[in-house]
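Beneath this line is the structure, given in structure tokens, with notes to follow.
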Amino acid sequence: MRQPRPPKRGGRRIDAAIHDLAQYGFAEPQIRKIIKTTSCSRIR
Numbered sequence: 001m002r003q004p005r006p007p008k009r010g011g012r013r014i015d016a017a018i019h020d021l022a023q024y025g026f027a028e029p030q031i032r033k034i035i036k037t038t039s040c041s042r043i044r
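Residues 1 to 44 in full-length UniProt numbering are what the sequence shown lists, from first letter to last.
This is how it looks when you write it as structure tokens:
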């Protein structure tokens, strides 16, 4: 099997944030949704 591709720009930081917040009981999909909506609203 092939190795998975490394995350694109910012992906590692998002994965690190998800990993850190998951320790406090937050669900991964919930964290991803919050990060996605927050980062998109800051760009606009």
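For each residue, glycine too, the CB sits at the ideal point set by N, CA and C.
- On the three-state DSSP scale, how would you describe A16? The count along the sequence shown starts at 1 and reaches residue 16 at position 16. Note: A16 maps to helix in three-state DSSP.
Note to self: Whole angstroms are fine: how far does the CA of I34 sit from the CA of H19?
What the structure shows: Your numbering for residue 19 matches position 19 in the sequence shown. Your numbering for residue 34 matches position 34 in the sequence shown. Cα to Cα, the separation comes out at about 14 Å.
Is the beta carbon of I31 less than 8 Å from the beta carbon of L21?
By one-based count along the sequence shown, residue 31 stands at place 31. By one-based count along the sequence shown, residue 21 stands at place 21. Cβ distance < 8 Å, so I31 and L21 count as in contact.
Report task. Whole angstroms is fine: what's the gap from G25's alpha carbon to A17's? Result -> Within the sequence shown, the letter at position 25 stands for residue 25. Within the sequence shown, the letter at position 17 stands for residue 17. Each residue's alpha carbon lies about 13 Å from the other.
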